[in-house]
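*Asks:*
In the UniProt record's numbering, the protein residues as written are 1 to 515.
1) Once DSSP output is grouped into helix, strand and coil, what is the label at residue 510?
2) The alpha helix (DSSP H) with residue 53 in it runs from where to where?
3) In three-state terms, what does DSSP make of residue 481?
4) Which ranges does the beta strand (DSSP E) cover as unbroken runs of at least 3 residues, wholly within the segment 361–412, from first to last along the chain?
5) Check for me: the alpha helix (DSSP H) holding residue 26 runs from which residue to which?
6) Inspect the CB distances between the segment 347–357 and the segment 497–515 and report whether three or more fall short of 8 Å.
7) Report the residue ranges of all alpha helix (DSSP H) runs contained in full by the segment 124–159; include only those spanning at least 4 residues, in chain order.
8) Measuring only the C-alpha atoms, how far is residue 508 from residue 161?
9) Following the continuous beta strand (DSSP E) through residue 516, name the residue where it begins and the one where it ends.
10) What are the partner residues of residue 342, as DSSP defines its beta bridges?
11) Let me make sure I understand the geometry here. Which of 356, 282 and 368 has the alpha-carbon closest to that of residue 523?
12) Taking the continuous alpha helix (DSSP H) assigned at residue 31, which residues delimit it?
13) Quick one: what's got a C-beta closer than 6 Å to residue 475's C-beta in the same chain, skipping five residues either side?
14) Report yes if the CB atom of residue 149 is closer than 8 Å to the CB atom of residue 120, and no otherwise.
15) Apply the 10 Å Cβ neighbour rule to residue 50 and answer buried if 16 or more other Cβ atoms are within range, or exposed otherwise.
16) Please check the pair residue 478 and residue 500, which I expect to be a contact at CB under 8 Å, by giving their CB distance rounded to whole angstroms.
17) Which residue comes first and which comes last in the beta strand (DSSP E) that contains residue 439?
18) List the residues that DSSP assigns as beta-bridge partners of residue 177.
19) So, does the segment 432–446 touch the segment 56–72, judging by three or more C-beta pairs under 8 Å?
20) Residue 122 and residue 511 - do their beta-carbons sit closer together than 8 Å?
21) Leaving out five residues before and five after residue 469 in sequence, what residues of the same chain have Cβ atoms less than 7 Å from its Cβ?
22) Taking 8 Å as the threshold (C-beta atoms), are residue 188 and residue 124 in contact?
23) Considering only residues of the same chain and omitting the five flanking positions on each side of residue 307, which have a CB-CB separation below 7 Å?
24) By how many angstroms is the C-alpha of residue 180 removed from the C-alpha of residue 209?
25) Can you tell me which of the three DSSP states residue 62 falls into?
26) I believe residue 405 touches residue 365 by the beta-carbon criterion, under 8 Å. Please report the beta-carbon distance rounded to the nearest angstrom.
27) Beta strand (DSSP E) containing residue 275: first to last residue?
28) Could you name the residues of the same chain whose beta carbon sits closer than 7 Å to that of residue 207, not counting the 5 residues immediately before and after it, in chain order?
29) Report yes if the CB atom of residue 251 is closer than 8 Å to the CB atom of residue 211, and no otherwise.
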């Protein structure tokens, strides 16, 4: 009883009206459901619960998902305590009216929702098959067990042969995160464990990216329904000196600074939606230090009525910092700075531009595409692309491609062939959202002959940042399946006349049990 009382008093609660519009949009809410949520959240808890129960189909699934992930609380702690005390005092007295029974049932159902505790467990297995790579660097596996409820979360893990823990604890306005899993900042590369990653990280997931040992202590300042957080941290994998951190509401902006090493990191993930100006999203993460600065910036814009689209990304990759997240055989050996821009009208008339500096190699290119044939079943497109390389070698190539493409909302089907003077390449891409929270993606490229310049290869259609790479590999095949509970990531590539192909397999499983 006393444990329940303490948890109830000090739990950090979130009301429906404290869930922002960007959070609802990120969860997949259509505009009509966002408007209904904001309207009903201003009414009484009973009215909000009645509206929630009246939903059906996809709307009901989306609302239930946000309810669970955001730990929605309809009653305040004091209100619930008063309800509990009242219930205990009135146990001896019969309730004779239908209204009293209805209120009692509603109160009990709300109390059950607020006191929900969840256990979760799972595993991951990873294999990187590269000849001459030591076995201990090829295979990595982990198992974990954790729980969360009332704003608290913990996890125990065994990564390879090492045991670790993670805890995210809140006490009124204070938060303490400690161990190898949880942190208040959403940075992907901050203190990243180089041998593990989480494919199941998403809003409300108990599995953010695995870390090397770090500790955070912060104060959460609530103002006008918005939660700001700032505090101190210690993470030797990022800096030998402790530092300060800051997180804005919804984790749209956050920063880390270590004065002792003069090293900092900045994260941005924000979106703007306007009926007159369209939808726009910006993402960025950077690590700035005396030795080297790395990071990426990504912008995606969509005009009203979804006619014009623009994707733009700039990133700087380096083995010094970003290279820590992958084994030596697949990480970049020298720093690379790459910029890419793509614009289109309804995805069938547009342009591309790319520029890359990698050591003494400078590569650039531009392209345009327009339709041969348009239909509701897909479009036949023609693409003209120039490839240029200077530095150690001087190359210029022209690529002419014809391909089929069909796009509808987040679904993409595309395949075709590009011809060059000394060869060509087959390209394929598939992205299929299935129900809510499930995504199947496939991408591949097969190069024939002896093209002089590298190909532009988009790893995934929907990624945290628009990740396009330059590759000279003869063959690349990538397959990814992600759901809230299972993920599978397979990648295979090989070079021409090279007996050492690279095969990468990563499988992750997450199961939850509501108590």
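Cβ coordinates follow ideal geometry from the N, Cα and C atoms, glycine included.
*Replies:* The short version:
1) When DSSP states are grouped into helix, strand and coil, residue 510 belongs to the strand group.
2) Judged by DSSP secondary structure, residue 53 falls within the alpha helix (DSSP H) whose first and last residues are 45–54.
3) Secondary structure of residue 481 (DSSP, three-state): strand.
4) DSSP runs (the beta strand (DSSP E)) wholly in the segment 361–412: 361–375, 378–390 and 395–408.
5) Counting along the chain, the unbroken alpha helix (DSSP H) around residue 26 starts and ends at 21–26.
6) Segments in contact, no.
7) Listed in chain order, the complete alpha helix (DSSP H) runs (minimum 4 residues) inside the segment 124–159 are 135–138.
8) The straight-line gap from Cα to Cα measures roughly 18 Å.
9) Only positions 1 to 515 of the chain appear in this structure, which leaves residue 516 out of reach.
10) Note: residue 342 sits in a beta bridge opposite 311 and 352.
11) Residue coverage of the chain in this structure runs from 1 to 515, which leaves residue 523 outside it and unanswerable.
12) Its alpha helix (DSSP H) spans residues 31–40.
13) Counting only Cβ-Cβ distances below 6 Å, and skipping sequence neighbours, we find 446 and 494.
14) Not in contact: residue 149 and residue 120 (Cβ atoms no closer than 8 Å).
15) Counting of Cβ neighbours within 10 angstroms places residue 50 among the exposed residues, the total staying below 16.
16) Taking C-beta atoms under 8 Å as the contact rule, residue 478 and residue 500 fail to qualify, at a distance of about 18 Å.
17) Taken as a continuous stretch (DSSP letters only), the beta strand (DSSP E) holding residue 439 covers 439–449.
18) According to DSSP, which records beta bridges pairwise, residue 177 is partnered with 168 and 216.
19) When C-beta atoms of the segment 432–446 are compared with those of the segment 56–72, three or more pairs fall below 8 Å, so the two segments count as touching.
20) Yes, the Cβ-Cβ distance between residue 511 and residue 122 is below 8 Å.
21) Take residue 469, set aside five residues on each side of it, and the residues of its chain with a beta-carbon closer than 7 Å to its own are 457 and 459, in chain order.
22) One thing to note: residue 124 has its Cβ no nearer than 8 Å to the Cβ of residue 188.
23) Within the same chain, residue 307 has close Cβ partners 345 and 346.
24) Counting only the Cα atoms, residue 180 lies some 9 Å from residue 209.
25) Secondary structure at residue 62: helix, using DSSP grouped into helix, strand and coil.
26) Rounded to the nearest angstrom, the Cβ distance from residue 405 to residue 365 is 20 Å, too far for a contact under 8 Å.
27) Careful: residue 275 lies outside any beta strand (DSSP E) and carries neither H nor E.
28) Here the set comprises 198, 200, 201 and 510.
29) No; because the gap between Cβ atoms is not below 8 Å, this pair is not in contact.
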